[in-house]
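**Q** To start, I am sharing the structure in question, which I have written as structure tokens.
In the numbering used here, the protein residues as written are 94 to 204.
Quick look at the structure:
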């Protein structure tokens, strides 16, 4: 989930909430990007190597509450404005592994 820019340069100063599947990190872990220039990118691990491959999983998240939790240091965790995008991420470049993912229908709802 990408929220509106909060300064310049926009690409480095936009809060980005990212949900990932990771081979090593524990499920539920919420962390900041380790890269100094990308400190407004936050990750929440949804699945890891304990989950089987070759099957579909359904994810349901309260994006607002997740945002508040990982961005509590920015404006008290309150997002500024509407969502401007969706980011789907496989962490294979950091884990030095190969990954393939298929994405089904994505939608947002109030419940």
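Positions of the beta carbon are idealized from the N, C-alpha and C atoms, including for glycine.
Buried or exposed for residue 157, going by 16 or more other Cβ atoms inside 10 Å?
**A** Numbered from its first residue, the chain shown carries residue 157 at position 64. Flag for residue 157 reads exposed.
**Q** Do residue 114 and residue 194 come within 9 Å of each other at the CB atom, strictly closer than that value?
**A** The sequence position of residue 194 within the chain shown is 101, counting from 1. The sequence position of residue 114 within the chain shown is 21, counting from 1. Cβ atoms of residue 194 and residue 114: closer than 9 Å.
**Q** Given this structure, state the Cα-to-Cα distance separating residue 129 from residue 106, to the nearest angstrom.
**A** Reading the chain shown from its first residue, position 36 is the one you call residue 129. Reading the chain shown from its first residue, position 13 is the one you call residue 106. If I take the Cα positions, the gap works out to 12 Å.
**Q** According to the Cβ coordinates, are residue 108 and residue 142 closer than 9 Å?
**A** One-based indexing of the chain shown puts residue 108 at position 15. One-based indexing of the chain shown puts residue 142 at position 49. The answer is no: Cβ separation not under 9 Å.
**Q** Would you mind stating whether residue 154 and residue 112 have Cβ atoms separated by less than 9 Å?
**A** Along the chain shown, one-based indexing puts residue 154 at 61. Along the chain shown, one-based indexing puts residue 112 at 19. Contact: yes.
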